[in-house]
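Residue numbers (the numbering used here), protein chains in the order written: chain A, 41 to 431; chain B, 277 to 707.
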């Protein structure tokens, strides 16, 4: 390395600091990114490191200038980190970088918008790489490699609780995001909007707010990269139960294409009014559905399956004798259920009928003494029309 | 006994420390850490799940907590200083008064009051009761439930407060072993029984403050209990009564439209161990949930009558009323007007004595009538149908007998709480 004069070193340092403050004031994330990317080993960063070794009073320089001092909390430790990085002192490089990164987050929060998000990504990346290398250094010296874990904590701060699935803490985070007027949702990169809608949509599924879940997950689906099949699958895994709950069935090819065949039998059961198949499907994939949190949603589809079954009986009766079709004997239903290997007495059938009528899945009334359901002549089995079964 | 407990916790502390990487905050790490031990992989590694990280972090705070935890030395149910002060101030509960004297108590009667502490650092060891004393204290408190001298609200109030203090002492000392589980189970049982008995005594439809506060503490104690089960997973994969106590959470959250207290059920189920899900008690709870959500009043009521344990019944009781309401609503609104519904049948559906059925209908503004041969009937589609103004009184529940108050304390020592009530069995059936 050619000898660098004091003046030259000073120039390079102020050059960097100017670029930093310019990038911030003009919200130029592309430039800012480059100033933070240690692992790129760019010549300018390497020469900056050398400059810092020659001109050793950078801190005073930073603190004394009105241009540079606002970012002192970021740049002072950043410079220190760079110096340690240059000399191969990875543990100290990590510690200083972490300090700088924390200060960066503070600033980030104060900025009006998320313009610097990509710079934040770079920092997150750099901190991880630095942590890994620091740990290697620690391990080779017989010490405990703990920096990566610390980096993990830092990353948590950045990406919040959503990704870790500590869902119940989300409520306050989401509330603050959705009511904050500082961030305009539309300003975030599409990738983040999709991610956000996915996680909050999932939350709505767990809380059984189906209209909200439908809206959010559908947004995620529509805006998701069509080539990203894994992500589409994740979204569909939760969207399908929601759609089923509002009476919309996916086509078989969709389930096959995205390998969501655990839902096949459930969809089939809804189409056929096959209660036995529904129970069987729920049992077969019980663990999976419980772990993903959709079991209770799917279980609730039972009433819709009943509706479908009654409708089929009605259609058969109509074919046999249209004039009497609107009267359904409870005994006939008992027989149909027996055929499906479901043991139900007439009292329970009456109960189910009453509930279906109550929840507007069937229009009509039942006569207790004659044990008959009398269906409305018009639209006896109303469709859900995009609304969940009302309670 | 105390010293043994002390040294045991010290070695436990040592043991725990060795298994985890030292937290970056403590500077004395260097002396303890040793590359002999394997460290859990950090969050970016694909092999460890994020759940492990959360557990590790929880264990680390447990470890930190143990370092802060006090070891209590108070040999009495109530620290002497507190007892003397309360005697002076005449702040003695009925049960604490010696011969009814409001200014005098004794070590055998005074029990430490619950008091919000600022932080563990400001508490003196002499004010905190060690585990054996806490066990004795709890047993004494629960024995008071049999008392016939005082109305239940008074007993409840005292036991409520004093058990809260017991819980506090346990947590402060970070006692997380089997015995803690045992104690928390008993305390939860107390809250469950109170949940039932306080409800019977309040007449208005709005839940009394006592009832609400009890529910709040029930939920808190239950959550602590679940954490204890988790903390003891390595020594005991599944605890004897864990299934039943887990089922309580489901039964407390049958109504998804109600106020979400803590996690929704869908979320909660994700973390329940598989053997618990497959247990009989959890199966019952899930069936109850399924029927409740569906509105299948027939199956709901008959399943509860056939399979609920006493404690499960206590929790599910408010929902029984709700389901009966629904049943009456459905039958009244959907049944053919010219076919009045026989009360005898309604009694079977509602799982209620026929005499109560009539009162129940009346509460909803409905009149009954009698046919030519003397059968009582409920005409449907009456225009006077309305929601009851006040709360509902207590109706019978076929297949379930109220537990006599002198039997309550036996619940805490009886292992056969899961015996389901067969229709019309007697109280003796409990033992």
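Every residue gets a Cβ at the ideal spot worked out from N, C-alpha and C, and that includes glycine.
Contacting residues, own chain, Cβ-Cβ under 7 angstroms from residue i (five flanking each side not counted)
i                      : result
residue 119 of chain A : 92 and 98
residue 106 of chain A : none
residue 565 of chain B : 526 and 530
residue 664 of chain B : 639 and 640
residue 256 of chain A : 237, 240, 241 and 244
residue 191 of chain A : 167, 168 and 171
residue 671 of chain B : 628, 632 and 636
Classification of residue i by the beta-carbon crowding that lies within 10 angstroms, buried from 16 upward
i                      : result
residue 646 of chain B : exposed
residue 312 of chain B : Any reading at residue 312 of chain B is ruled out, since the residue's pLDDT is 31, under 50, leaving its predicted position unreliable.
residue 488 of chain B : exposed
residue 168 of chain A : buried
residue 386 of chain A : exposed
residue 361 of chain A : exposed
residue 391 of chain A : buried
residue 325 of chain A : buried
residue 354 of chain A : buried
residue 356 of chain A : exposed
residue 277 of chain A : buried
residue 375 of chain B : exposed
residue 511 of chain B : exposed
residue 357 of chain B : exposed
residue 269 of chain A : exposed
residue 43 of chain A  : exposed
residue 571 of chain B : buried
residue 57 of chain A  : buried
Helix, strand or coil at residue i [DSSP, three-state]
i                      : result
residue 599 of chain B : helix
residue 674 of chain B : coil
residue 485 of chain B : helix
residue 405 of chain A : strand
residue 2 of chain A   : Past the edges of chain A, shown from 41 to 431, lies residue 2 of chain A, and the structure says nothing about it.
residue 588 of chain B : helix
residue 380 of chain A : coil
residue 459 of chain B : helix
residue 374 of chain B : strand
residue 646 of chain B : strand
residue 422 of chain A : coil
residue 39 of chain A  : As shown, chain A starts at 41 and ends at 431. That puts residue 39 of chain A outside it, with no answer to give.
residue 604 of chain B : helix
residue 290 of chain A : coil
residue 554 of chain B : coil
residue 618 of chain B : strand
residue 498 of chain B : helix
residue 653 of chain B : strand
residue 415 of chain A : strand
residue 611 of chain B : strand
residue 559 of chain B : helix
Contact belief for residue i with residue j at Cβ below 8 angstroms, rounded distance in angstroms
i                      : j                      : result
residue 583 of chain B : residue 560 of chain B : 5 angstroms
residue 414 of chain A : residue 367 of chain A : 6 angstroms
residue 343 of chain A : residue 318 of chain A : Contact doesn't hold; Cβ gap of about 11 angstroms is too wide.
residue 89 of chain A  : residue 126 of chain A : 4 angstroms
Close Cβ partners of residue i (< 8 angstroms) along its chain, the five nearest in sequence each way excluded
i                      : result
residue 445 of chain B : 348, 388, 404, 405 and 410
residue 657 of chain B : 608, 609, 611 and 613
residue 552 of chain B : 514, 518, 519, 522 and 558
residue 313 of chain A : 345, 346, 347, 348, 349, 350, 351 and 352
residue 86 of chain A  : 126
residue 21 of chain A  : Here chain A covers residues 41 to 431 and nothing more, so residue 21 of chain A does not appear.
residue 457 of chain B : 501, 504, 505, 508 and 515
residue 579 of chain B : 560, 563, 564 and 567
Close Cβ partners of residue i (< 6 angstroms) along its chain, the five nearest in sequence each way excluded
i                      : result
residue 440 of chain B : 390
residue 187 of chain A : 134, 171, 174 and 175
residue 143 of chain A : 113 and 114
Any chain D beta carbon closer than 7 angstroms to residue i
i                      : result
residue 615 of chain B : Within the model displayed, chain D is absent; protein chains A and B are what it includes.
Contact the segment 68-77 of chain A vs the segment 148-168 of chain A: 3+ CB pairs below 8 angstroms: yes
State whether the segment 503-512 of chain B contacts the segment 446-465 of chain B, with contact taken as three or more CB pairs (one from each stretch) at a distance under 8 angstroms. yes
Cβ pair count under 8 angstroms reaching 3, the segment 615-632 of chain B against the segment 404-424 of chain A: yes
Are the segment 43-50 of chain A and the segment 134-154 of chain A touching, with three or more C-beta to C-beta distances below 8 angstroms? no
Report yes or no: do three or more beta-carbon pairs, one from the segment 576-590 of chain B and one from the segment 634-644 of chain B, lie closer than 8 angstroms? no
Cβ contact (3+ pairs, closer than 8 angstroms) linking the segment 421-437 of chain B and the segment 352-368 of chain B: no
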